[in-house]
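Each remark here refers to the structure printed beneath this line.
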Amino acid sequence: MKKNLVIAVRFTLVTTVLCGLIYPLVVTGLAQMLFPRRATGQPVEKNGALLGSRILGQEFQAPYYFHSRPSAAGTGYDPLASGGSNLGPTNSELIRRVEERVRKWRAENPGTPIPADLVMGSGSGLDPDISPGAAEFQVPMVARARGVSPEALEALVKQHIEGRQLGFLGEPRVNVLELNLALDRLYPLRGRAAR
Amino acid sequence: MTANGWFQILLYLLVIFLLTKPVGIYLARVFEREKTSLDPALRPVEKLIYRLTGTDEKREMRWTEYAAAMLLFSGVSMALLYLILRTQKWLPLNPQKLPNVDPWLAFGTAASFTTNTNWQAYSGESTMSYFTQMAGLAYHNFASAAVGIVLAIAVIRGIARRETDQLGNFWVDTTRCLLWVLLPICLAASLVLVSQGVIQNLRAYSRAKLIDPYTAQAAGANGKTTAQRVTEQVIPQGPVASQEAIKELGTNGGGFFNANSAHPFENPTPFSNFFELILIFAIPSGFTYTLGRMTGSRRHGWAVWATMAALFLAGASTAYWAEARGNPLLHGVDRQATAMQAGGNMQGKETRFGIADSALFATVTTDASCGAVNSMHDSFTPLGGMVPLVNIMLGEIVFGGVGAGLYGMVVFVILAVFIAGLMVGRTPEYLGKKIESYDVKMAMLSILVLTFTILGFSAIAAVEPFGTASITNPGPHGLSQIVYAYSSSAGNNGSAFAGLKVNTPWYNASTAAAQLLGRFFMVIPILAIAGSLARKKILPASSGTFPVTGPLFTTLLVSTILIVGALTFFPALSLGTILEHLMMLAGKTF
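One line per chain: the protein sequences are A and B, in this order. To convert, note that position 50 of the first sequence is 445 in the working numbering; the numbers rise steadily by one, no gaps. To convert, note that position 324 of the second sequence is 832 in the working numbering; the numbers rise steadily by one, no gaps.
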């Protein structure tokens, strides 16, 4: 018993150094060498300023941008408070929130069915994507606010659809930050000071 | 539901099937101390560890010493984790200057990671320093996984050996498990994950300037909402991939971030998702072949595999069906899956995963004792959320945790041959070993510990204000939140109906107690069975021996598992998820 206790103490220390320090530091070194951008979160930069990460969603509220999904992370897309709302299916608070979003979106694009992901929050609260349907649904709103033809925007959305990985994994999707940056590049906001 | 969704689920099972034999052979070779191709590199490291720790690699242990060594290792390493959590402010690699973790949370977290539960009552990104994540939490992902694996190996030795009381050396087995199995696979797997976009660095968090700043309504301290201008987004960083790999491979499940595998930095693409799913089942599935190989009855190993695969498919199909149907209470939402959207119940799910990959992940993570989540189970439809809950209640023996799934299943195998023996009026035998009253008593003990822990704590929490005050989803769902919390704790799963506010003294203490009971009071009777079986003679099979191979045995085993599970937990389920389902169909909200 005493002998095993001594071994337990030594074993804990030795394996902590091996699995808790050497292993993650070796992985860090290799990752930084092989995939430097991916290992640091795929930063998106413009003129030296950091605009975000390609794979972390951001909140968009202006009508001249495509909007991300509802987010329960902090005040919205706060990576220091990732997570979902955890509202259950029969919780009246969930029903109320979704109905409110349905009303808002129906006013922007009457008559078109509202894609599920556009009015339901994600699990991480940081979902960088929306479904192709949710992007297309927003085309009339963005076209009006930006003064661009809906056809041009629809084509832009189509270009930004990322299909299933390897053809069958996951779901097709549109990266909202990339789509909005492309909007700014192709159809800069005129007369409206970039806030 | 879509054809593509079903294709992914079936393809996943096929990949797992194909991995079973190679993984199983490799595991057996490592623990039988046969030659492997990694020997030239690892053998010197192995010898060095024995020298540094004072381990005699030739010596074997009886089951009592094996159990004692396991408990001592768990106790010492748990104490070290508690110490790290309480002192992280003064330790290196803390660029965010995070403070020390408070005592209740530190105790709860230490118990949770030591028992392979990885129940988390905190948000990693705003609580844990990089040093704590690496040397404290990720380390325990290795340690607790290795403990689970070597216990299963000891149990298999107990079944395979005859007329001996020696089950192997705990320190040797654990060392070989870390060096030959967990570290090499994790090294490769973490790089695959980084290639998909899982981050891995030691930098401080950076700040991004939003292109569309906005005004948010934030809840103030006095309960009033105040307008707040948001112009920046903090981009967290950290050594995530190295932890993500062992989190899945070791069926631990503790996320670097609060959102766990739903977080884009932990699980950025559908491929990383599929890969993480494979890591979860790889070792548990391989273990069925290890069982077959080491006991000399490969067909028994496959019969156990078939049992697990059948229960897996039942769970995955139910969850997929329920989530694809979605929530009828949400009017005006298009629930139909098309090429343009996943439809269904997307609440708490990521766009890149959609319905099928989320339902599959929820099933796999609770079949195993993993507990990582890529979607929020609390927001599943009632029947969709019942699948993970039932999986945990059955004891996580559908492939199950690394090692834990196998020894959990052995308990049900013993029960099944015992029941078969009663039916034909013969002494039950398992692979030539007579199953006697001591063995059945120990098997029942380990099943009852789980039952009493789950239902006992749930009963207290469901009636006492300190338990019910944490409920966030009223109505029947609230009961499910509590029952899920104790099932997950006692089953060492770690996933949650995460709305429940668990960072309170009661929940930190009671879930920690449930985790420790669920781990160690389950393991000790099982090791006792192993010790008892090892001492027995192996009898030649006769015409009266009930075969533990083939479809008849698989059917009996599935029935035993379902009957024990249903008899135990049906009342709790009917007042929770089933009632909620009926209420939902009737249009009732809470």
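C-beta: ideal position from N, C-alpha, C; glycine also. Please read all numbers here as calculations on a predicted model, not as lab measurements.
C-alpha distance - residue 718/B paired with residue 444/A, whole-angstrom precision
Within the second sequence, the letter at position 210 stands for residue 718/B. Within the first sequence, the letter at position 49 stands for residue 444/A. Cα-Cα distance, rounded: 10 Å.
When you compare each of 511/A, 416/A, 401/A, 485/A to residue 980/B by their alpha carbons, which one comes out closest?
Counted from its first residue, the second sequence places residue 980/B at position 472. Nearest to residue 980/B by C-alpha distance, out of 511/A, 416/A, 401/A, 485/A, is 485/A.
Could you check whether residue 707/B and residue 436/A sit closer than 7 Å to each other, using their CB atoms as the reference points?
Mapped onto the first sequence, residue 436/A falls at position 41. Mapped onto the second sequence, residue 707/B falls at position 199. Yes, Cβ-Cβ distance for residue 436/A and residue 707/B is below 7 Å.
Proximal residues to residue 799/B (C-beta, below 6 Å), its chain only, five neighbours per side dropped
As a working note, residue 799/B is residue 291 in the second sequence. Contacts found: 664, 809.
Between the Cα of residue 469/A and the Cα atoms of 534/A, 454/A, 576/A, which residue gives the shortest distance?
Within the first sequence, residue 469/A is the residue found at index 74, counting from 1. For the residues 534/A, 454/A, 576/A, the minimum Cα distance to residue 469/A belongs to 454/A.
So which residues on chain A does residue 1032/B lean against when the C-beta distance must stay under 9 Å?
Here residue 1032/B refers to the residue found at position 524 of the second sequence. Going along chain A, no residue has its Cβ under 9 Å from residue 1032/B, so there is no contact; the nearest lies around 16 Å.
Does any C-beta atom of chain B lie closer than 7 Å to the C-beta of residue 515/A?
On the first sequence, position 120 is the one that residue 515/A refers to. Closer than 7 Å to some Cβ of chain B, the Cβ of residue 515/A qualifies, so yes.
Which one or two residues does DSSP pair with residue 734/B in a beta bridge?
For the purposes of this step, residue 734/B is identified with residue 226 of the second sequence, where counting begins at 1. Per DSSP, the beta bridge partners of residue 734/B are 726/B.
Can you tell me whether DSSP reads residue 937/B as helix, strand or coil?
Taking the second sequence and counting its residues from 1, one reaches residue 937/B at position 429. In the three-state DSSP reduction, residue 937/B falls in the strand class (E or B).
Label residue 854/B either buried or exposed according to how many other C-beta atoms from any shown protein chain fall within 10 Å of its C-beta, with 16 as the threshold for buried.
Residue 854/B sits at position 346 when you count from the first residue of the second sequence. Buried, by the Cβ-count rule.
In this structure, does DSSP put residue 671/B in helix, strand or coil?
Residue 671/B sits at position 163 when you count from the first residue of the second sequence. When DSSP states are grouped into helix, strand and coil, residue 671/B belongs to the coil group.
With C-beta atoms as the reference, is residue 788/B less than 7 Å away from residue 878/B?
Along the second sequence, read from residue 1 onward, the residue named residue 788/B stands at position 280. Along the second sequence, read from residue 1 onward, the residue named residue 878/B stands at position 370. Result yes, Cβ atoms of residue 788/B and residue 878/B sit closer than 7 Å.
Give a yes or no on whether the minimum CB-CB distance between residue 568/B and chain A is below 7 Å.
Within the second sequence, residue 568/B is the residue found at index 60, counting from 1. With its beta carbon at least 7 Å from every one in chain A, residue 568/B lies outside the interface.
Provide the residue(s) that pair with residue 527/B in DSSP beta bridges, ordered along the chain.
The residue you call residue 527/B lines up with position 19 of the second sequence. None, per the DSSP bridge assignment.
If you measure beta-carbon to beta-carbon, which residues of the segment 572-599 of chain B are closer than 8 Å to chain A?
Answer in chain order: 573, 576, 577, 580, 581, 583, 584, 585, 588.
Please report how far the alpha carbon of residue 765/B lies from the alpha carbon of residue 675/B, in whole angstroms.
Taking the first residue of the second sequence as position 1, residue 765/B is located at position 257. Taking the first residue of the second sequence as position 1, residue 675/B is located at position 167. Cα to Cα, the separation comes out at about 39 Å.
Three-state secondary structure assigned by DSSP to residue 566/A:
Taking the first sequence and counting its residues from 1, the one referred to as residue 566/A is at position 171. If DSSP states are grouped into helix, strand and coil, residue 566/A belongs with coil.
Distance, Cα to Cα, residue 681/B vs residue 782/B?
Here residue 681/B refers to the residue found at position 173 when the second sequence is read from its first residue. Here residue 782/B refers to the residue found at position 274 when the second sequence is read from its first residue. Taking the straight line joining both Cα atoms gives about 30 Å.
Whose C-beta lies closer than 6 Å to the C-beta of residue 434/A among residues of the same chain, with five residues either side of it excluded?
Position 39 of the first sequence holds residue 434/A. Non-local beta-carbon contacts of residue 434/A in its own chain, meaning distances under 6 Å to residues more than five positions away in sequence, involve 426, 427 in chain order.
For a cutoff of 7 Å on Cβ pairs, would you count residue 538/A as touching chain B?
Locating residue 538/A in the first sequence gives position 143, where the first residue counts as 1. So no, residue 538/A is outside the interface.
Which residues in chain B sit within 9 Å of residue 447/A, going by Cβ to Cβ distance?
Position 52 of the first sequence, counting from 1, holds the residue named residue 447/A. Here the neighbours are 716, 717, 718, 719, 741, 743.
Under 8 Å Cβ-Cβ, which residues of chain B neighbour residue 559/A?
Mapped onto the first sequence, residue 559/A falls at position 164. Within 8 Å Cβ-Cβ: 512, 778.
Whole runs of the beta strand (DSSP E) within the segment 422-478 of chain A, excluding any shorter than 3 residues:
Scanning the segment 422-478 of chain A for uninterrupted beta strand (DSSP E) segments of 3 residues or longer gives 438-441, 444-448, listed from N- to C-terminal end.
C-alpha distance - residue 890/B paired with residue 1010/B, whole-angstrom precision
Position 382 of the second sequence, counting from 1, holds the residue named residue 890/B. Position 502 of the second sequence, counting from 1, holds the residue named residue 1010/B. Cα to Cα, residue 890/B sits roughly 21 Å from residue 1010/B.
Residue closest to residue 594/B, alpha-carbon to alpha-carbon, out of 740/B, 639/B, 623/B:
By one-based count along the second sequence, residue 594/B stands at place 86. The candidate whose alpha carbon is nearest that of residue 594/B is 639/B.
Can you pull the chain E neighbours of residue 544/A, defined as C-beta to C-beta under 9 Å?
The structure shown has no chain E; the protein chains it does contain are A and B.
Given that a residue counts as buried once 16 or more other Cβ atoms are within 10 Å of its Cβ, and exposed if not, what is residue 1114/B?
Residue 1114/B cannot be examined here, being either before or after the span of chain B that is shown, 509 to 1098.
If you draw a straight line from the C-alpha of residue 705/B to the C-alpha of residue 604/B, how long is it?
Sequence index remark: in the second sequence, residue 705/B carries index 197 (1-based). Sequence index remark: in the second sequence, residue 604/B carries index 96 (1-based). Their Cα atoms are separated by approximately 22 Å.
State yes or no: is the beta carbon of residue 588/A nearer than 7 Å to at least one beta carbon in chain B?
Against the first sequence, residue 588/A aligns to sequence position 193. For residue 588/A, the pLDDT reaches just 44, beneath the cut-off of 50, and the residue's location in the model is therefore unreliable, although a value from the coordinates is still provided. So, not an interface residue.
Whole angstroms are fine: how far does the CA of residue 533/A sit from the CA of residue 517/A?
By one-based count along the first sequence, residue 517/A stands at place 122. By one-based count along the first sequence, residue 533/A stands at place 138. Counting only the Cα atoms, residue 533/A lies some 18 Å from residue 517/A.
What is the DSSP secondary structure of residue 485/A, reduced to helix, strand or coil?
The residue labelled residue 485/A in the question sits at position 90 within the first sequence. DSSP places residue 485/A in coil when its eight states are reduced to three.
So, at 6 Å on beta carbons, what are the nonlocal neighbours of residue 467/A in its own chain, with the 5 sequence-adjacent residues on each side left out?
On the first sequence, residue 467/A is found 72 positions in, with the first residue counted as 1. Residues 479, 480, 516, 520 of the same chain have their beta carbon placed closer than 6 Å to that of residue 467/A, with the five preceding and five following residues left out of the count.
Could you tell me whether any Cβ in chain A is nearer than 7 Å to the Cβ of residue 828/B?
The count along the second sequence starts at 1 and reaches residue 828/B at position 320. Proximity of residue 828/B to chain A, defined by a Cβ-Cβ separation below 7 Å, is not satisfied.
Do residue 678/B and residue 577/B have their CB atoms nearer than 7 Å?
Counting from one through the second sequence, the residue named residue 678/B turns up at place 170. Counting from one through the second sequence, the residue named residue 577/B turns up at place 69. With contacts defined as CB atoms closer than 7 Å, residue 678/B and residue 577/B qualify as a contacting pair.
Cα separation between residue 432/A and residue 703/B?
The sequence position of residue 432/A within the first sequence is 37, counting from 1. The sequence position of residue 703/B within the second sequence is 195, counting from 1. Computed Cα separation, rounded: 10 Å.
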